[in-house]
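Going letter by letter, the sequence shown gives residues 126 to 225 in the working numbering. Taking it in order: structure first as structure tokens, then the write-up.
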Amino acid sequence: MNQVETAVVAPVEEEKTLELRKPVKLGEVEYSTLNLREPTAGELSKASKAGGNVDIAIALISLIAKVPRGAVEKLSQRDFQEAADFLGSFTGGGLATGEM
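Next up, the structure:
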């Protein structure tokens with residue numbers, strides 16, 4: 126008798142508000158949360174022109190969360206990785222960020 130296993134795919138969250146472990150300050154503005162959502166094809170295309178994998182993730186987080194690139198560049202590694210993992214969940218393969 127053969128058993129067929131059905132893979133259960135967890136639903137992907139449509140949106141996520143990421144509470145930063147370490148808020149970042151850029152000029153006079155402090156960022157303590159990032160509001161993330163599913164990227165559009167245009168946003169993916171624009172971010173893909175940024176260069177390497179980390180630069181692509183930085184560009185995409187900046188575009189989606191509507192925060193300056195400089196603020197995203199100041200994110201702690203854990204906050205950056207969590208944001209990149211969330212956005213990568215829509216592509217299946219994730220966003221490569223140099224995670225070890």
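All C-beta atoms in this analysis are idealised placements derived from N, C-alpha and C, irrespective of residue type, glycine included. Source: prediction; values computed, not measured.
Closest by C-alpha distance to residue 163, out of 183, 190, 176, 157, is 190.
Three or more Cβ pairs closer than 8 Å define a contact, and the stretch 164-173 falls short of that threshold against the stretch 142-156.
In this structure, DSSP gives residue 174 a state outside helix and strand, which the three-state scheme calls coil.
Residue ranges of uninterrupted beta strand (DSSP E) with 3 or more members, entirely inside the stretch 139-205 and ordered along the chain, are 140-151, 154-162. The beta carbons of residue 196 and residue 156 sit about 5 Å from each other, so the pair counts as a contact at 8 Å. Straight-line spacing of the CA atoms in residue 211 and residue 203 works out to 12 Å. Rounded to whole angstroms, the separation of the alpha carbons of residue 185 and residue 174 is 10 Å.
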